[in-house]
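Per the working numbering, the very first residue in the sequence shown carries number 39; after that it's consecutive.
Note that beta-carbon positions come from the ideal geometry of N, C-alpha and C, so glycine has one too.
Please read the structure below before turning to the comments.
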Amino acid sequence: MLNMIYCLFYGFLKVGLPVIALVYLYLTCSSVYLFLGISLFFKDRKNIINKIFLAISLNLAFWAFCYALMTSSSTKEAAYFFNRLSSLSWSTLFSMVLYLFIYLTKREAYLKKPWNHLPLVVPSLIAIYLYFLHTTSANEIVRASYGWTFLIPKRNGVLWDYYYGIYSVVFALVSIWLILDWGKKSKLVREKKQSKLVAYSLLASLILGSITNIILPLLKKTYLPQLAVVSILFVCLVIRYSMIKLKLMSFTSERVVLDVLKIMNEGLIITDPEGKITSINKGALQLLGYEESNLRGKLAEQFFQSDLMLSKTGISSRSENEIITQNGTLIPVLSSFSVLLDDFGDELGRVILFQNISEIKQIQNELRNAHEMMMGEYTRLHDVIDSLPGLVSVISESYVVRFANQNHNSVFGESEGKTCYEVVAQNKPCDNCSINYVFENDLPIRGEKLFYNNRIYEVTLQPFYDIDGSKLVIRNLCDITERKEAEQELSRLQTEMARLERLNLVGQMAAGIAHEIRNPMTTVRGYLQLLGSKSEYQSQESTFQLMIDELDRANIIISDFLSLARNSTKERRYQNINELLKHLFPLLEADSFSQNKQIVFVAGEIPDILISQEEISQLVLNLCRNGLEAMEEGGTVTIRTYLEDDHVVLSVKDEGKGIEAGDLDKIGTPFFTTKEKGTGLGLSTCYNIAAHHNARLEFISNPNGTTFLVRFITKK
């Protein structure tokens with residue numbers, strides 16, 4: 039396109055007035071063709087004749103435009119290109135013209151059989167091949183006084199050299215015969231005259247076009263420019279005039295007009311130039327409530343509430359007005375007002391057309407009231423949603439937040455217009471997006487979700503349809519973080535209470551059986567010692583000693599029971615756990631040495647706390663011995679003390695295999711043990727001691743070992 043413009047204006051600078059005049063002639067023809075085709079097409083876009091005429095007009099406009107560019111081209115190559123490009127138009131023109139004349143002469147029945155289109159289409163396709171696709175058949179470009187033109191070379195044989203001339207003349211003559219035959223058979227004088235006018239104009243155009251576009255180029259003469267595309271303009275004007283005239287004449291019969299006026303529901307009043315009523319239809323009489331005889335000769339404007347104003351063109355636009363009926367009632371109407379002129383421009387009268395719009399006005403009022411009510415309900419609903427305690431938002435299918443209430447904006451910032459994922463600081467929708475699920479399945483869902491602000495929300499998504507039919511989702515977020523934390527704390531307390539209840543049960547059992555078992559055991563132990571000291575039982579001394587040891591072990595178990603059963607009565611005082619651990623460390627070191635294991639003590643800076651030395655010693659011994667028993671030879675138990683958040687922490691870490699996942703919930707339960715000879719009371723005693731000191735006993739376990747943590751409160 040840029041090259042085309044360049045060629046056109048560059049050619050203007052280099053060539054003279056004849057070239058410029060010819061170029062403007064071509065461009066003018068191109069513009070007129072466009073106007074003729076488009077204006078006729080929009081008069082009746084469904085009419086097949088109008089469509090064909092539009093196609094012919096566009097074809098000719100393109101042909102003329104290409105000739106303008108060819109004539110003014112700056113180079114021979116550019117002129118050659120535009121000449122070949124124009125062949126697309128003139129190669130197909132006469133096929134289109136023949137189609138038009140077939141429809142104009144009402145012979146379209148011929149086209150119902152598909153193969154009857156071949157004689158109309160194939161010749162134009164051959165022409166396109168010869169003059170556009172096949173370069174050896176292309177025209178020869180030469181320069182003349184009026185710009186670039188073309189000559190027809192003789193190099194392909196008589197048939198192909200003269201093909202376009204034969205094709206165009208034959209199709210044009212067939213078209214002329216069709217229109218003359220149609221006029222001859224018509225019974226209407228106007229159609230006979232119009233057929234001759236169209237035929238003669240086409241014949242004249244054919245003669246002129248053949249001379250300038252076929253004969254002279256074949257004779258290698260450049261006397262005249264190519265004027266075929268100009269001469270055809272006269273044919274198009276004649277055809278367009280005839281088509282419009284035929285259509286108008288079909289509907290301008292005075293009888294038809296009068297019949298139409300009588301049956302019109304709209305009111306129609308015709309006046310003389312002074313505005314006095316000369317004719318009025320039935321629709322106007324019914325609206326006004328008068329007899330026709332009572333209205334003739336009266337001024338039409340007296341029956342309208344507002345003046346009827348004309349524009350400068352003599353035609354008023356449709357506007358609302360009110361007519362005054364015979365009983366004085368005002369009826370709203372939509373009226374228009376125009377002046378009737380004769381062929382000389384003199385005013386013949388005026389036409390007033392009006393339509394009763396009472397029902398329309400009533401509907402408008404009802405719609406206005408309904409709209410006001412709807413807006414009131416919308417405002418009320420908006421205020422209700424805005425005041426809801428939850429975080430409410432309305433989201434579209436493109437994830438855009440259409441509405442967000444004050445609580446939502448106070449938490450996530452101004453949200454309207456943003457996508458729901460942008461609101462929560464994301465750059466794309468969530469995986470397995472629940473909003474998308476609601477849109478796809480049209481089902482509500484409810485669940486819980488942790489948002490980026492580390493708050494847990496109960497999410498409710500409900501689909502609904504907007505007033506325009508678009509699908510939306512209303513989302514309500516209810517912050518349940520505190521509730522979830524309370525539930526977790528309640529669960530922890532319930533677990534702790536269950537454990538304490540179990541310990542209380544064990545204590546009750548221990549308290550009930552301790553004294554009943556200990557006294558007989560003491561008697562049995564005494565007699566075993568007595569018998570073992572006699573000479574006749576010296577050979578059974580080892581057996582007696584084994585029985586005594588087992589009785590002592592049973593006594594230890596009973597002591598553990600009692601320690602769980604009764605509240606601590608040991609004296610507690612403020613002291614440093616580090617000093618207590620230093621006192622116990624030699625004993626612990628001896629135990630580890632005997633098992634070929636190690637124990638390490640790392641003392642941190644900690645304050646004194648209120649503890650029972652005896653009970654804490656028992657707790658440390660139990661935890662350390664459990665750690666030693668959990669490890670293979672060569673392992674290390676690490677005892678550590680440190681201060682953390684107003685708590686003194688005692689840590690005992692081993693390098694065992696950790697606690698099995700299935701046993702984690704059972705730790706601290708009386709009688710639960712994983713040792714072959716264990717009682718399952720050691721850790722229960724530790725939990726009991728920690729509870730006596732208002733401390734919290736925790737543990738962390740993994741395949742690399744287990745760490746028990748005792749957290750003592752430092753505040754007094």
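- Looking at Leu226, Leu168, Val227, Leu661, the one whose alpha-carbon comes closest to that of Tyr201 is Leu168.
- The beta carbons of Ile705 and Thr744 sit no closer together than 7 Å.
- Contact between the region 234-251 and the region 68-85 is not established, with fewer than three Cβ pairs separated by less than 8 Å.
- In terms of Cα proximity to Lys314, the closest of Glu496, Glu339, Val371, Thr130 is Glu339.
- Here DSSP, grouped into helix, strand and coil, assigns Asp517 to strand.
- Between Leu622 and Val658, the gap from beta carbon to beta carbon is short of 7 Å.
- Arg440 and Leu325 do not touch by the CB rule: their CB atoms are close to 47 Å apart, not below 8 Å.
- Residue state for His731 is assigned as coil, using DSSP reduced to three classes.
- The DSSP assignment places 201-223 as complete runs of the alpha helix (DSSP H) inside the region 200-244, in order along the chain (cut-off: 4 residues).
- Shown here for Ser632: not one same chain residue has a beta carbon closer than 8 Å to its own, the five before and five after excluded.
- For Gln464, the secondary structure class from DSSP, reduced to helix, strand or coil, is coil.
- A distance of 7 Å or more separates the beta carbons of Pro255 and Ile179.
- Comparing alpha-carbon positions, the option among Ser436, His446, Val449 lying closest to Cys471 turns out to be Ser436.
- DSSP places Val371 inside the beta strand (DSSP E), whose first and last residues are 368-379.
- With contacts defined by Cβ atoms closer than 7 Å, Leu372 and Gln393 form a contacting pair.
- Per the coordinates, the alpha-carbon of Asn154 lies some 7 Å from the alpha-carbon of Tyr148.
- The three-state secondary structure of Gly642, taken from DSSP, is coil.
- The secondary-structure analysis by DSSP pairs Pro501 across a beta bridge with Val511.
- A direct Cα-Cα distance of roughly 8 Å separates Ala668 from Glu693.
- With respect to the 7 Å criterion, Ser224 and Gly247 are not classified as neighbours on the basis of their beta carbons.
- Beta-bridge partners of Thr745 (DSSP): Lys691, Ile738.
- Put simply, the backbone Cα of Ile395 is about 17 Å away from that of Phe375.
- In the DSSP secondary-structure assignment, His155 is not bridged to any residue.
- For Glu609, same chain residues with a beta-carbon under 8 Å away, outside a window of 5 residues either side, are Ser650 in chain order.
- For the region 57-141, the continuous alpha helix (DSSP H) assignments of 4+ residues that do not extend past its boundaries occur at 86-109, 114-128, in sequence order.
- Residues of the same chain with a CB within less than 8 Å of the CB of Ser280, apart from the 5 flanking positions on each side, are Gln232, Leu235, Val236 in chain order.
- Rounded to whole angstroms, Ser508 and Glu410 show a C-alpha spacing of 22 Å.
- One Cα belongs to Phe100, the other to Ile87, and the distance between them is close to 20 Å.
- Within the model, the alpha-carbon separation for Gln526 versus Ile647 is close to 30 Å.
- By the Cβ test, the region 78-93 is not in contact with the region 112-128, since fewer than three Cβ pairs between them sit closer than 8 Å.
- When beta bridges are read from the DSSP output, Phe441 appears opposite Val432.
- Per DSSP, reduced to three states, the secondary structure at Gln633 is coil, with no helix or strand assignment.
- Under the three-state reduction of DSSP output, Ile483 falls in the strand class.
- Annotation: the continuous beta strand (DSSP E) that includes Leu189 extends over 185-189.
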